[in-house]
Amino acid sequence: MTASFFAVLPSPRQVSPLNLSRLALTTLETLDAENGLSSVAFETTNDTAWNELQVALSASLPSNVIYNLTAYDISSGGLQNLYAVSRSISNAQSLGIDSNAASYMVASSNVTFTVTPQKIGVTLYILNCSDSSGWWITGYTVQSIAQQLAGIFASYFEPSSIVMVQNTTQLGQLLNGQPLGNETLQNAIIINTCGEPVPIPQSYATLYSNDYPHYCYQLGNCTELYNWTWVSIVGYPFYYVTNTLALSGNQNGWGIYGITAINPNGLNAFLEGIDGQPYNNNGNWITDSPGVVTLTSTALANCSYYGIFPSPIQTSTRALPESVTAQYNLSIATNILNPTGGAIPGAVLNHIFKGAPDVTGSLFAVGLTRVPDTRLTALGILSDYNPALYKSEYTAAGTSKLVVLQLGLAGG
Amino acid sequence: MAGATIDHLIALTVFLAALLLFIGFFNQMNQTAILYQYHSYIATECSNVLDSIMLNPGTPSDWGVSGSSTQNLTFFGLQDPEFQEYRMSPFSAMRLVSIANQVYYSQTGQWYNDLSWGLNGAYLLLPASDCISYHDATSLLGINGTYDFQLSITPTLAVNVTQIPGNDLQLEIQVYGSGFPLSNATLDYLMFWANTSSSGFPKLNSNFTSDINQTDSAGIAFKEFPSLSSNTTFTFIVKAFEGGLNGIGYLSRETVTDAGNIIPYIQSFDNGTANMVLAQKYGNNDPPTSIGNLYYNASFYALPNTFVPVFGENFAGELNYGSGTPYQNLTVTTNNQTGFLVIAYGDGSNYGTVIAPFGLNSLGLPVTFGSNVSGKEWVATDLRQVIIGDIAYQAKLSLWSLTGYQVTG
Numbered sequence: 000m001t002a003s004f005f006a007v008l009p010s011p012r013q014v015s016p017l018n019l020s021r022l023a024l025t026t027l028e029t030l031d032a033e034n035g036l037s038s039v040a041f042e043t044t045n046d047t048a049w050n051e052l053q054v055a056l057s058a059s060l061p062s063n064v065i066y067n068l069t070a071y072d073i074s075s076g077g078l079q080n081l082y083a084v085s086r087s088i089s090n091a092q093s094l095g096i097d098s099n100a101a102s103y104m105v106a107s108s109n110v111t112f113t114v115t116p117q118k119i120g121v122t123l124y125i126l127n128c129s130d131s132s133g134w135w136i137t138g139y140t141v142q143s144i145a146q147q148l149a150g151i152f153a154s155y156f157e158p159s160s161i162v163m164v165q166n167t168t169q170l171g172q173l174l175n176g177q178p179l180g181n182e183t184l185q186n187a188i189i190i191n192t193c194g195e196p197v198p199i200p201q202s203y204a205t206l207y208s209n210d211y212p213h214y215c216y217q218l219g220n221c222t223e224l225y226n227w228t229w230v231s232i233v234g235y236p237f238y239y240v241t242n243t244l245a246l247s248g249n250q251n252g253w254g255i256y257g258i259t260a261i262n263p264n265g266l267n268a269f270l271e272g273i274d275g276q277p278y279n280n281n282g283n284w285i286t287d288s289p290g291v292v293t294l295t296s297t298a299l300a301n302c303s304y305y306g307i308f309p310s311p312i313q314t315s316t317r318a319l320p321e322s323v324t325a326q327y328n329l330s331i332a333t334n335i336l337n338p339t340g341g342a343i344p345g346a347v348l349n350h351i352f353k354g355a356p357d358v359t360g361s362l363f364a365v366g367l368t369r370v371p372d373t374r375l376t377a378l379g380i381l382s383d384y385n386p387a388l389y390k391s392e393y394t395a396a397g398t399s400k401l402v403v404l405q406l407g408l409a410g411g
Numbered sequence: 003m004a005g006a007t008i009d010h011l012i013a014l015t016v017f018l019a020a021l022l023l024f025i026g027f028f029n030q031m032n033q034t035a036i037l038y039q040y041h042s043y044i045a046t047e048c049s050n051v052l053d054s055i056m057l058n059p060g061t062p063s064d065w066g067v068s069g070s071s072t073q074n075l076t077f078f079g080l081q082d083p084e085f086q087e088y089r090m091s092p093f094s095a096m097r098l099v100s101i102a103n104q105v106y107y108s109q110t111g112q113w114y115n116d117l118s119w120g121l122n123g124a125y126l127l128l129p130a131s132d133c134i135s136y137h138d139a140t141s142l143l144g145i146n147g148t149y150d151f152q153l154s155i156t157p158t159l160a161v162n163v164t165q166i167p168g169n170d171l172q173l174e175i176q177v178y179g180s181g182f183p184l185s186n187a188t189l190d191y192l193m194f195w196a197n198t199s200s201s202g203f204p205k206l207n208s209n210f211t212s213d214i215n216q217t218d219s220a221g222i223a224f225k226e227f228p229s230l231s232s233n234t235t236f237t238f239i240v241k242a243f244e245g246g247l248n249g250i251g252y253l254s255r256e257t258v259t260d261a262g263n264i265i266p267y268i269q270s271f272d273n274g275t276a277n278m279v280l281a282q283k284y285g286n287n288d289p290p291t292s293i294g295n296l297y298y299n300a301s302f303y304a305l306p307n308t309f310v311p312v313f314g315e316n317f318a319g320e321l322n323y324g325s326g327t328p329y330q331n332l333t334v335t336t337n338n339q340t341g342f343l344v345i346a347y348g349d350g351s352n353y354g355t356v357i358a359p360f361g362l363n364s365l366g367l368p369v370t371f372g373s374n375v376s377g378k379e380w381v382a383t384d385l386r387q388v389i390i391g392d393i394a395y396q397a398k399l400s401l402w403s404l405t406g407y408q409v410t411g
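Chains A and B are the protein sequences, given in the same order.
In terms of this note's numbering, the numbers along the first sequence are unbroken and rise by one, the last being 411.
In terms of this note's numbering, the numbers along the second sequence are unbroken and rise by one, the last being 411.
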């Protein structure tokens, strides 16, 4: 009898408890579903907001549940006093001996979590030539594509390293080895925003008026000489040359003036130029048409990392053949689209002379059908250079508060 | 010597009696402890089952928007597949077979799950074959034959709308939570009303306002429409919010005209399309064959969390039970968005409105799913706050054992 008298059995509430911890957590989540709790937690002097919070809290909890909600400041100092009470509301003086709590981290609505990319240490030239026309950029203009690319790359390059080449005269200046400002010409990236045509300066149009592919050979030479990465955003690279003044009387066969077709000769000439081979005006069609192609696993991973999300499935009708790698000393540095059937639909190809240690020029040809997706271009360049992203600290002082909701049952 | 023997016998008897008494008490204490442990286990199981339902979308996860998937479920859960934590799918929740009852419509030959039959003028009737039964749910949860439960999903805020007598159309809106009125809650509303027209078809008008109306300390607010008479037929939807808590209420003036009234059935709700049946009725019954033409004008609106309705489609037509058109089929493109179909109908002189929600949260409807809790020996309950759309709900699970007093598991 004595033993049974002194035996301590749990109280009925302990036997079949309401899961107060979960109730507290779900209550906090509900109140913060539209960031209401987050904003109130930072308005510690706003009595109206806290009164509304208390009304909402009382309305959402069963009438026999007593509560204490406390917001804590998080200090950035040492371990001592890491959390300091900011403001508290309660509907009872004491929660009794049997209560449970849930904590919830809220962030200030004023906080912007910045991501700072590592800068790519080369110059980015975007051909924004006002005296050139585009083809296979249907729905866009040369200028709109240039603006898009400048926007995408703005955080990945130093501002002074993104240079808009405003006309073909400036392009000619680059081809003559002269920077447009203080930027570094060597190792630069040049993005041709015209699509299949490549802008040709007037002087070169005059010089090569009887043999425009020779101009592409010159481009290949310069790419090798200055270790440029030449980027073709869509279609058959170097299929046309464009200059709205020098070629004003010509059209591309589809009614777009200022463009002259040079056919596959342009690409062949460029490849000869980058490899230092003798110029041979070669009109052989070399690209393949593999059809549906997919992003590589590396590219997909970089989509998430850089927050650029083009469609993972694309259509390729102008893919470089794998044979160019052996023929022109090119090696695949970064595949954006999975090679298929002997075709390379989208890859950065580095030119390396046999036995040489260094890269001497690169070609990034996106051999997809129109219209171009600038995100793919950006993804390719970012995948090739792999700039790191440095993200801001989430728990920076003053940007977060800890909200604790402690619940108990009336009657202890 | 004899005295010593007697003493010995008495002592032994007392000792044995004390021993038996002690064993009895000890046994009783053990029984109590085992019972406590058993009850504690049921409470834990209740919490686990509730979390299992709320934190899992089920498999396939899109079963809420695909009626055909309902019968192919391999796991049961109500979480919104597009979110995490305690956010429930508004469409999965409306496929729970109501504990209330089912209704039969002879013209289509189907039974419909009755989540709302004319409650304040709202109808949420889904074919029972496209809903999940309680038996299937317990089987998919792996507790069939072991535990029974009842799941109640009710809005945290009760928002009641009533019409006040007077010359103008005046409405009283009452907002309260779990026993507490929600004072100073902000109210937004959507108002639809029907006008007569010479063609007999009702003309459906609307007015959407982000109002500055606020409830008073008793959780009550009033809204007057001076331009509308008290006889105007209308559908009024109001959203109340305060301190991060949202609730929704409505009132639709359903009337039975001389040509009857309309009851909207959802015939199927699959992959962004809702096939509706608008049935001509006379009250709850089939009308007489001599009944006249009933004209209707219906509009579908998607209702996003912003509470700014997005107009979808309009439908107009007429019904005549005796002339071979007891109902009309409508195909509503919902694009898997929550929303509602508001239907104005009339016989040319009298008009009424009803509303059919798509998604449980569109009108803040409750649902009770499962077995009957009354008379059970020991029932454990647990509670979670959940969000459907942006409307706050409470999910309460009551669970009891079917295996007697043994501790299982």
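Cβ atoms here follow ideal geometry from the backbone N, Cα and C, with glycine treated the same way.
Q: Starting from I264(B), trace the beta strand (DSSP E) both ways and give me its first and last residue.
A: N263 to D272
Q) Shorter than 8 Å from the beta carbon of G366(B) to some beta carbon of chain A? A) no
(Q) In chain order, what are the residue ranges of uninterrupted alpha helix (DSSP H) at least 4 long that sit wholly in the stretch 127 to 162 of chain A? (A) 141 to 152
Q. Quick one, are the C-beta atoms of R386(B) and L75(B) less than 8 Å apart?
A. no
Q) Do we get a CB-CB distance below 8 Å when we pair A139(B) with the residues of chain A? A) no
Q) Is any beta-carbon of chain A found at less than 8 Å from that of G411(B)? A) Because G411(B) carries a pLDDT of 36, less than 50, the predicted location of this residue cannot be relied on, and the following value inherits that uncertainty. No, because no Cβ of chain A sits closer than 8 Å to the Cβ of G411(B).
Q: Spell out a yes or no on whether the stretch 145 to 165 of chain B and the stretch 388 to 403 of chain B are touching, meaning 3 or more CB-CB pairs, one atom from each, closer than 8 Å.
A: yes
**Q.** Per-residue burial, E271(A) [other beta carbons within 10 Å of its own, 16 or more giving buried]
**A.** buried
Q.
Short of 7 Å in beta carbon distance, which residues of its chain neighbour L18(B), apart from the five on each side in sequence? Order them along the chain.
A. none
Q) By a C-beta neighbour count over all protein chains shown, 10 Å radius and 16 as the cutoff for buried, is A83(A) buried or exposed? A) exposed
Q | Residues that I285(A) bridges to, as DSSP identifies them | A | Beta-bridge pairing links I285(A) to no other residue.
(Q) Can you tell me whether P116(A) is helix, strand or coil according to DSSP? (A) It is a strand residue.
Q.
Any beta carbon from chain A within less than 8 Å of G245(B)'s own beta carbon?
A. yes
Q.
I'd like to confirm the pairing. Which residues does DSSP put opposite G314(B) in its beta bridges?
A. Answer is none; G314(B) lacks a bridge partner.
Q.
Taking CB distances under 8 Å as the criterion, tell me whether V402(A) reaches chain E.
A. Reference to chain E is not applicable here, since the protein chains of this structure are A and B.
Q: Buried or exposed for N338(B), please, with buried defined as at least 16 other CB atoms from any protein chain shown within 10 angstroms of its CB.
A: buried
Q: Following the continuous alpha helix (DSSP H) through N331(B), name the residue where it begins and the one where it ends.
A: Note, N331(B): premise wrong, no alpha helix (DSSP H); beta strand (DSSP E) at Y329 to T335.
**Q.** Contact under 8 Å by Cβ, F85(B) with G66(B)
**A.** no
Q. Got a sec, what are the start and stop residues for the beta strand (DSSP E) D46(A) sits in?
A. No beta strand (DSSP E) holds D46(A); the alpha helix (DSSP H) holding it covers D46 to S59.
Q: Give me the Cα-Cα distance between S330(A) and F363(A), rounded to the nearest whole angstrom.
A: 11 Å
Q | Coil, strand or helix - T398(A) by DSSP | A | coil
Q. Whose C-beta lies closer than 6 Å to the C-beta of G411(B) among residues of the same chain, with five residues either side of it excluded?
A. Note on G411(B): pLDDT 36, under 50, position unreliable in the model; no value is reported.
Q. Between which two residues does the beta strand (DSSP E) containing T228(A) stretch?
A. T228 to S231
Q: Round the Cβ separation of K400(A) and Y71(A) to the nearest angstrom and send it over; I've been treating them as touching at under 8 Å.
A: Yes, they are in contact, since the Cβ atoms of K400(A) and Y71(A) sit about 6 Å apart, within 8 Å.
Q) Counting contacts by CB-CB distance shorter than 8 Å, is T158(B) in contact with chain A? A) yes
Q. What does DSSP give as the partner residues of G441(A) in its beta bridges?
A. Nothing about residue 441(A) can be read from this structure; chain A reaches only from 0 to 411.
Q: Please confirm whether any heavy atom of the ligand MG lies closer than 7 Å to the CB of L343(B).
A: Among the components of this structure there are no ligands whatsoever, and the ligand MG is therefore not found.
Q) Does the stretch 126 to 141 of chain A come close enough to the stretch 204 to 219 of chain A that 3 or more CB-CB pairs lie under 8 Å? A) No contact exists between the stretch 204 to 219 of chain A and the stretch 126 to 141 of chain A.
**Q.** Close Cβ partners of D31(A) (< 8 Å) along its chain, the five nearest in sequence each way excluded
**A.** S37, Y103 and V105
**Q.** Whole-Å CB distance - L336(A) paired with T297(A), under 8 Å assumed
**A.** Their Cβ separation, rounded to whole angstroms, is 11 Å, which puts L336(A) and T297(A) out of contact at 8 Å.
Q | Expected contact under 8 Å - CB spacing of T316(A) and V291(A) to nearest Å | A | About 11 Å separates the two Cβ atoms, so there is no contact after all.
**Q.** Spatial distance of N248(B) from A130(B) (CA atoms)
**A.** 30 Å
**Q.** chain B contact for L94(A) (CB, 8 Å cutoff)
**A.** So, not an interface residue.
Q: Report yes or no: is there a C-beta of chain A within less than 8 Å of the C-beta of G79(B)?
A: no
Q: Return the residue from the list T398(A), A377(A), A409(A) and L246(A) that minimises the CA-CA distance to A145(A).
A: The residue among T398(A), A377(A), A409(A) and L246(A) with its C-alpha nearest the C-alpha of A145(A) is A377(A).
Q) Whose CA, out of Y225(A), S247(A) and I199(A), lies closest to the CA of F237(A)? A) I199(A)
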